[in-house]
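A.B. asks: Sequential numbering of the sequence shown, starting at 4, is according to this note's numbering.
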Amino acid sequence: MMVDKFKVAGKFLKSRLIVGTGKYKNFSETAKAIESSGADMVTVAVRRVNILDKKKPILTDYLNPKKIIFLPNTAGCFNSKDALRTLRLAREMGGWKLVKLEVLGDKKTLYPNMIETITSTKTLVKEGFKVMVYCTDDPLLAKILEDSGASAIMPLASPIGSGLGLQNKINISLIIKQSKVPVIVDAGIGTASDATVAMELGCDGVLVNSAIAKAKNSVLMAKAFKDAVISGRNCFLAKRMQKNYFASASSPKKGLI
4 MMVDKFKVAG
14 KFLKSRLIVG
24 TGKYKNFSET
34 AKAIESSGAD
44 MVTVAVRRVN
54 ILDKKKPILT
64 DYLNPKKIIF
74 LPNTAGCFNS
84 KDALRTLRLA
94 REMGGWKLVK
104 LEVLGDKKTL
114 YPNMIETITS
124 TKTLVKEGFK
134 VMVYCTDDPL
144 LAKILEDSGA
154 SAIMPLASPI
164 GSGLGLQNKI
174 NISLIIKQSK
184 VPVIVDAGIG
194 TASDATVAME
204 LGCDGVLVNS
214 AIAKAKNSVL
224 MAKAFKDAVI
234 SGRNCFLAKR
244 MQKNYFASAS
254 SPKKGLI
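The following block contains the structure:
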């Protein structure tokens, strides 16, 4: 078997599936689903972390940051100032320098504000952060992010939490072909087959939250995504047959009776 390593910002990951930690019924379900997913990196919304009420449970009671990589993100930030402050706090609280940046544009679509995103990326890189960046599926803007020092490009498949799956496979493919850093589809994945499609295109990984957390059986859905990502990656590595607009007989023509 060929060696197929997944490396992001200097870290080697066993799984190409990254899982979010929000929207679950409770932390117990979160932990069980993440274990079932096989993921070794999870996103954590810093702005939604409980640090004040010591009576309430916290994520680290259920997930050990020494055994799984915590990826602080800026979910809920709508400008560069808030995003930068959030990640600087994450660095102060836990020493995290590998972070996920998302600067949202408006509350209806939750599309990224790419002007603020690019500005924030440049600042964070200068400050020594390794930045995985949520972005639109625009190849030109994705290239600007990479040139600005992004450690990973994370184009949306469709709006956050929509479950619509990949809406623009052409643009995602263009981003994959031009990028020298990992391309990880982020947002809009609805079901396991969406993840397989993304991996078959050649994405380095997939980030999933709502599709697992909102499933009736989140633990089983997490397992489905684990298998889907592996299957899609193997399909990409195997190189699919060429498409043909005409029929092609499966049986050989030689030796016909």
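For glycine and all other residues, C-beta sits at the position ideal for the given N, C-alpha and C.
Please read all numbers here as calculations on a predicted model, not as lab measurements.
I need the DSSP call for G23, collapsed to helix, strand or coil.
C.D. replies: Translated into positions along the sequence shown, residue 23 becomes position 20. G23 falls in the strand class under three-state DSSP.
A.B. asks: Exposed or buried, what is A145 when buried is set at 16 or more other beta-carbons lying within 10 Å of its beta-carbon?
C.D. replies: Translated into positions along the sequence shown, residue 145 becomes position 142. Buried is the call here.
A.B. asks: Starting from T46, follow its DSSP beta bridges and name the residues at the other end.
C.D. replies: As a working note, residue 46 is residue 43 in the sequence shown. DSSP lists G23, L74 as the bridge partner or partners of T46.
A.B. asks: Would you mind sorting M4 into buried or exposed? The rule is 16 or more other CB atoms within 10 Å of its CB.
C.D. replies: If you number the sequence shown from 1, residue 4 lands on position 1. Residue placement at M4 is poorly supported in this model, since its pLDDT is 48, which falls under 50; the coordinates still yield a value, given next. So M4 ends up on the exposed side.
A.B. asks: Whose C-alpha, out of K35, K17, G25, is nearest the C-alpha of M224?
C.D. replies: Here residue 224 refers to the residue found at position 221 when the sequence shown is read from its first residue. Closest option to M224, Cα to Cα, is K35.
A.B. asks: Hey, out of K183, T194, L240, whose CA is closest to K226's CA?
C.D. replies: Within the sequence shown, numbered from 1, the residue matching residue 226 stands at position 223. Comparing Cα-Cα distances from K226 to each of K183, T194, L240, the minimum goes to T194.
A.B. asks: Give the DSSP-derived three-state secondary structure of C138 in the structure shown.
C.D. replies: In the sequence shown, the residue the question calls residue 138 occupies position 135. DSSP places C138 in strand when its eight states are reduced to three.
A.B. asks: Determine the direct distance from the alpha carbon of M135 to that of L87, and round the result to whole angstroms.
C.D. replies: Stepping through the sequence shown from its first residue, residue 87 is reached at position 84. Stepping through the sequence shown from its first residue, residue 135 is reached at position 132. The straight-line gap from Cα to Cα measures roughly 14 Å.
A.B. asks: Give the secondary structure of V232 by DSSP, where H, G and I count as helix, E and B as strand, and everything else as coil.
C.D. replies: The residue you call residue 232 lines up with position 229 of the sequence shown. Helix, per DSSP.
A.B. asks: Across which residues does DSSP place V188 in a beta bridge pair?
C.D. replies: For the purposes of this step, residue 188 is taken as residue 185 along the sequence shown, with counting starting at 1. Paired residues: V209.
A.B. asks: Rounded to a whole number of angstroms, what is the C-alpha to C-alpha distance between D178 and F132?
C.D. replies: As a first step, residue 178 must be located in the sequence shown, where it is residue number 175. As a first step, residue 132 must be located in the sequence shown, where it is residue number 129. Reading off the sequence shown, one finds Ile at residue 178, where the question assumed Asp. Computed Cα separation, rounded: 23 Å.
A.B. asks: Roughly how many angstroms separate the alpha carbons of P3 and I215, rounded to a whole number?
C.D. replies: Nothing can be reported for residue 3: it is not among the residues displayed for the chain, which extend from 4 to 260.
A.B. asks: Residues in the same chain with beta-carbon distance under 6 Å from I163, minus the five sequence neighbours each way, listed in chain order, please.
C.D. replies: By one-based count along the sequence shown, residue 163 stands at place 160. Cβ within range, chain order: L113, A190.
A.B. asks: Per DSSP, what are the beta-bridge partners of A155 in this structure?
C.D. replies: Locating residue 155 in the sequence shown gives position 152, where the first residue counts as 1. In DSSP, A155 forms a bridge with M135.
A.B. asks: What residues in its chain sit with their C-beta under 6 Å from that of S196, if we drop five residues either side in the sequence?
C.D. replies: As a first step, residue 196 must be located in the sequence shown, where it is residue number 193. Taken in chain order, the list of residues that qualify is empty.
A.B. asks: Excluding five sequence neighbours on each side, which residues of the same chain lie with their C-beta closer than 8 Å to the C-beta of V47?
C.D. replies: Walking along the sequence shown from the start, residue 47 turns up at place 44. The answer, listed in chain order, is T24, L62, F73, L74, P75, N76.
A.B. asks: Look at the alpha carbon of L148 and the alpha carbon of S251, and state the distance between them as a whole number of angstroms.
C.D. replies: Your numbering for residue 148 matches position 145 in the sequence shown. Your numbering for residue 251 matches position 248 in the sequence shown. C-alpha separation (whole angstroms): 44 Å.
A.B. asks: DSSP three-state label for L16, please.
C.D. replies: Here the question's residue 16 lines up with position 13 in the sequence shown. L16 falls in the strand class under three-state DSSP.
A.B. asks: May I ask which residues mark the beginning and end of the beta strand (DSSP E) holding V11?
C.D. replies: Taking the sequence shown and counting its residues from 1, the one referred to as residue 11 is at position 8. Looking at the DSSP string, the run of the beta strand (DSSP E) that includes V11 is 9-11.
A.B. asks: If S151 sits next to I121, beta carbons under 8 Å apart, how far is it from one beta carbon to the other, in whole angstroms?
C.D. replies: Translated into the one-based positions of the sequence shown, residue 151 becomes position 148. Translated into the one-based positions of the sequence shown, residue 121 becomes position 118. Confirmed, about 6 Å.
A.B. asks: Would you report the Cα separation of V102 and E130, rounded to the nearest angstrom?
C.D. replies: Reading the sequence shown from its first residue, position 99 is the one you call residue 102. Reading the sequence shown from its first residue, position 127 is the one you call residue 130. If you take the alpha carbons of V102 and E130, they lie about 12 Å apart.
A.B. asks: Taking the CB atoms as reference points, tell me whether V49 and T89 lie closer together than 7 Å.
C.D. replies: For the purposes of this step, residue 49 is identified with residue 46 of the sequence shown, where counting begins at 1. For the purposes of this step, residue 89 is identified with residue 86 of the sequence shown, where counting begins at 1. Yes. Within cutoff.
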